[in-house]
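The structure appears right after this line, and notes come after that.
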Amino acid sequence: MSIGFRALVAALFCFLLAPLFVVLLTSFSNDAFLAFPPREWGLHAYRALWANQAFREGFGVSVALAGTATLISLGAGTAASYAIARSRLPGREALLALFTAPLLLPGIILGLGLLLVFAQFGLLATWTGLVIGHCLVTLPYVVRVVLTALRGIDATLEEAAAVLGAAPWRVFRRVTLPMMLPGMTAAAALSFLASFDEVVITLFLVGPRLTTLPIEVWHTIEYRADPQISALSVALIALTAALVVVVERSLGVLRAMGR
Amino acid sequence: MKSRRLAALLLLPASAITLIAFLLPMGWLARLSLDLNDGGILVAAVTADNYRHFFTDAFYLGVLWRSVWVASSVAALAVLAAYPIALFLFRTRSRWRGLLAVLTIAPLLVSSVVRTFGWMIILGDQGWINSTLLALGLIAAPVQLMNNTTGVLIGLTEIMMPTTTLALLAGFARLDLTLEEAARTLGASPWRCFRRVTLPLTAPGIAVGVLVTFVLSISSFITPSLLGGGRVPMLASTIYEEALETLNWPMAAAISLILIAVFGAVLVGYERLARRWA
Amino acid sequence: MGQPVAPRGDPRAVSEAGSLALEGLAKSYGETPVVAGVDLAIHPGEFVTLLGPSGCGKTTILRMVAGLTPPNAGRILLDGADITALPAHKRNMGLVFQNYALFPHMDVAGNVAFGLEMRGMKRAEASRRVQAVLDLVRLGGFAARRPRELSGGQQQRVALARALVVRPAVLLLDEPLSNLDAKLREDLRDEIRAIQERLRTTTLFVTHDQAEALTMSDRVVVLNAGRIEQVGTPVEIYDQPASPFVATFIGRVNRLDCTVAASDAAGSTLTAPGLRGRSVRALPAGARARAMVRPQRISLAAGHVEGENHLAGTVRRVVFAGDIVQVEVETPAGALTVEQPRRGLAQGDAVTAHWEAADMMLFPA
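Protein chains in written order, with our numbering: chain A, 54 to 312; chain B, 9 to 286; chain C, 96 to 460.
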């Protein structure tokens with residue numbers, strides 16, 4: 054590949070990573086108002102972030118919400134994946150398509166649908182509503198990733214265990230489940246990330262007293278550009294990076310996304 | 009697993025979630041699009057009034073047109089920008105390949121709010137580009153790169169690039185590196201090799217890339233809202249406004265179904281084209 | 096119900112090598128029959144090989160015996176007890192897979208001990224048994240290794256150890272050597288046979304490689320398209336094939352189309368262009384027949400010599416193949432390939448191919 058081509062690719066990579074780079078830089082700004090480049094450098098933004106009560110509450114809600122949705126989806130999704138991969142139930146391919154369908158539709162439509170139903174049942178701006186809404190987003194990830202992992206497990210291993218005397222539930226506990234753990238770990242990490250970053254659907258589900266961190270950020274950005282947001286963004290990127298490392302170490306990012 | 013009952017039991021929790029959070033809301037939404045909104049009060053009906061209103065009102069038609077136009081432009085730009093990256097990743101044998109692949113996909117895993125915020129910093133009146141150009145004396149006053157369609161195009165293109173790259177790579181399967189080498193040994197210059205071998209063989213990938221990017225862009229909400237500053241109304245932001253500000257839920261539902269219809273039309277068109285080429 | 100397999104949960108019981116009987120075993124996938132009615136009796140301590148080309152149903156039969164694939168018809172009897180409906184984990188058999196199927200998340204000792212663990216054996220006792228069987232397969236020091244650290248041959252021996260340690264009633268092996276390279280295959284072949292002879296475990300071995308079948312087995316079952324073509328000792332299969340399929344599948348043959356001139360209790364007289372033949376098999380007089388002679392059973396005399404089972408011809412080609420020399424001879428009855436231990440003939444030489452009547456296999460055309 055020629056030098057010209059490589060230079061082009063390098064430039065495109067810079068374009069690709071520009072926003073993240075800029076966010077990182079401005080997080081070290083001591084200005085009251087966001088400007089590029091910062092007139093004063095320092096950790097003022099991080100300190101203000103730490104003291105920001107609204108963001109801390111939002112963070113707490115987001116973490117608890119992501120954790121709850123992940124746990125529920127992990128249970129439901131793993132069970133469903135196992136049934137799809139190992140049983141001969143007719144229509145299981147159709148069910149798989151149904152479980153992963155939410156990923157195909159735009160968040161705005163999913164969110165509106167939830168709004169309409171929740172309004173009817175008084176679930177708007179409630180914790181339950183938020184959990185249900187986030188499970189909608191996290192379940193497809195879990196099903197897809199765990200199914201990929203399951204299909205990668207050699208079926209002859211389970212047969213070997215059976216011939217060696219293990220009853221079906223013992224085969225699951227001693228052979229299948231331990232081999233599913235990397236997939237489940239990756240699924241949990243991706244699911245947590247998906248829920249934590251969720252904005253569009255959540256916009257329809259939050260209320261004045263119950264809101265998540267991305268929504269707080271969204272509202273703040275609409276009205277002012279504050280270096281605190283950059284600092285928060287850097288923290289979120291760090292969290293994302295940590296979770297991606299978890300996914301890579303357990304299953305591998307490309308494999309988890311089905312490629 | 010032999011027992012069908014056990015399999016059905018395992019599928020139950022996921023099915024329940026899908027029913028409550030997905031099927032029920034979507035059905036409700038479809039049904040509601042046929043109702044009417046009379047000054048904030050829901051009127052149960054079975055009418056196509058909302059749809060008729062959409063297709064006869066200049067504002068809504070403008071939204072539809074703008075959405076299609078922006079999405080098409082972003083699809084073209086994103087494919088143009090992602091193609092070299094995808095080709096590079098496909099060809100490279102360097103040991104940095106894994107790292108570069110992760111770097112390409114990593115932005116996808118960061119919240120789009122954060123990424124769009126980054127673009128606001130770059131494109132704003134006091135942002136990176138304007139500051140640099142002003143400091144270099146190339147312009148006298150800040151160039152409007154935000155709160156307009158230009159900003160949306162730039163930001164959305166970059167936001168889409170990782171997904172487009174993945175779609176391109178998926179479609180590159182038919183491109184065997186040895187084919188390019190064969191062409192070169194037969195006397196083709198790099199440009200001709202590209203035009204006669206690489207490009208045709210990667211055409212399926214390009215088609216998928218355009219499709220995926222178009223579909224995601226036309227339904228995009230966060231980036232057009234933030235970078236458009238309310239002046240670039242597209243389908244998604246219009247749905248949001250109708251639902252949460254105007255409180256015209258039936259209308260919002262109708263626009264949602266129109267958006268899905270656009271999806272469907274594009275997918276059908278793609279299928280037809282793909283079958284013709286195959 | 097005859098005396099069943101060694102009771103589960105009693106690890107100290109030494110399983111008697113079991114006798115295995117297959118009655119009318121059949122399996123189809125949809126409309127396609129894969130195993131079309133197989134009857135077979137295997138005696139305790141015997142080493143029986145299922146031999147055939149891919150798709151002949153041999154692996155399916157093995158899996159039905161193991162309990163992994165349910166048959167559509169027929170019965171499987173272990174020591175006289177009908178185990179057809181018994182689930183795999185209750186059959187007390189040992190199965191060695193083609194791809195080894197070692198549990199990657201356990202070390203070698205864990206893998207080998209798995210079957211003992213399922214039978215409730217205490218740790219201390221299990222450890223001793225595991226070490227003993229690892230010594231048997233010459234992997235005594237490998238207990239703490241992980242499967243991925245082992246070579247193909249080592250993994251296969253661990254798989255063998257894992258299957259043997261539970262003292263199974265029947266040992267099943269599904270093409271265990273196919274994934275190994277040639278030299279390793281030969282070494283492991285001898286090792287498996289030696290271990291089996293020592294333990295006298297009833298063994299059912301599946302392969303498509305006739306060299307393995309002939310060298311390792313007490314008896315060979317030749318399968319074709321889901322049916323048994325012949326059951327016999329390696330010598331019987333080789334020297335007295337029951338059908339053209341068996342004759343051509345095992346070893347190499349020359350084919351000669353001929354007509355039966357006369358036949359009696361001692362055999363048949365045959366005619367073919369340039370040949371007055373005699374076979375020990377009897378077919379009806381006047382019938383068209385296909386005769387087969389193995390290349391190693393043909394001798395070449397210089398010049399043209401008359402006689403029964405003598406066919407004159409000219410050397411067309413001589414190919415030096417290291418271990419043997421292949422001589423292609425053109426005759427009025429067709430082309431013959433003869434194998435000789437050393438060189439000596441040249442293209443164009445006049446020779447006469449001749450062989451014994453007992454070596455002339457005969458089948459209806």
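C-beta: ideal position from N, C-alpha, C; glycine also. Since the model is a prediction, treat every value here as computed from it, not as a measurement.
Beta carbon proximity, residue i to chain A, threshold 8 Å
i	result
C/Val70	Residue 70 of chain C is absent from the model: chain C starts at 96 and stops at 460.
C/Phe458	no
B/Trp127	yes
B/Ser287	Limits of chain B in this structure are 9 at one end and 286 at the other, which puts residue 287 of chain B out of reach.
B/Phe30	yes
B/Gly236	no
B/Tyr59	no
C/Leu234	no
C/Ala441	no
C/Asn194	yes
Anticipated Cβ contact below 8 Å, residue i with residue j, distance rounded
i	j	result
B/Val87	B/Val274	No, B/Val87 and B/Val274 are not in contact; Cβ-Cβ is about 15 Å, not under 8 Å.
A/Val253	B/Phe229	5 Å
C/Val410	C/Leu440	5 Å
C/Gly152	C/Ala183	Wrong, their Cβ atoms sit about 19 Å apart, outside the cutoff.
Span separating the alpha-carbon of residue i from that of residue j
i	j	result
C/Pro165	A/Cys188	40 Å
C/Ala308	C/Lys185	29 Å
C/Leu239	C/Ser222	What sits at residue 239 of chain C in the sequence shown is Ala, not Leu. Taking the straight line from one Cα to the other gives about 12 Å.
A/Phe257	C/Phe209	53 Å
C/Asp285	C/Glu141	16 Å
C/Arg347	A/Ala154	59 Å
C/Ser394	C/Gly189	47 Å
A/Val184	A/Ala122	6 Å
A/Phe81	A/Glu93	8 Å
A/Leu296	A/Leu246	7 Å
C/Arg314	A/Arg227	38 Å
B/Ser227	A/Ile161	8 Å
B/Gly135	C/Asp202	59 Å
Residues sharing a beta bridge with residue i, DSSP
i	result
B/Thr231	Answer is none; B/Thr231 lacks a bridge partner.
C/Thr298	C/Phe142, C/Leu266
C/Asp177	C/Leu172
C/Lys122	C/Val130
C/Phe458	C/Arg385
B/Asp46	B/Ile49
C/His405	C/His449
A/Gly205	None, per the DSSP bridge assignment.
C/Arg322	C/Asn319
C/Gly327	C/Val315
C/Ala136	C/Ala116
Boundaries (first-last residue) of the alpha helix (DSSP H) holding residue i
i	result
A/Met54	From DSSP, A/Met54 is part of no alpha helix (DSSP H); its letter is neither H nor E.
B/Ile214	207-226
C/Gln305	305-311
B/Leu117	105-117
B/Met168	157-179
A/Val300	280-303
C/Met216	C/Met216 -> no alpha helix (DSSP H), and no H or E assigned at all.
C/Ser374	Not the alpha helix (DSSP H): C/Ser374 falls in the beta strand (DSSP E), residues 370-374.
Span of the beta strand (DSSP E), counted from its first residue to its last, around residue i
i	result
C/Ser358	349-359
C/Thr144	142-146
C/Gln435	429-435
C/Thr364	362-367
C/Ala397	394-397
C/Val420	420-426
B/Ser80	Careful: B/Ser80 lies outside any beta strand (DSSP E), inside the alpha helix (DSSP H) at 66-99.
Chain B contact for residue i (CB, 8 Å cutoff)
i	result
A/Asp207	no
A/Leu87	yes
A/Pro267	yes
A/Gly166	yes
A/Pro90	yes
Short CB-CB distance (under 8 Å) between residue i and chain C
i	result
A/Ala215	yes
A/Ala138	no
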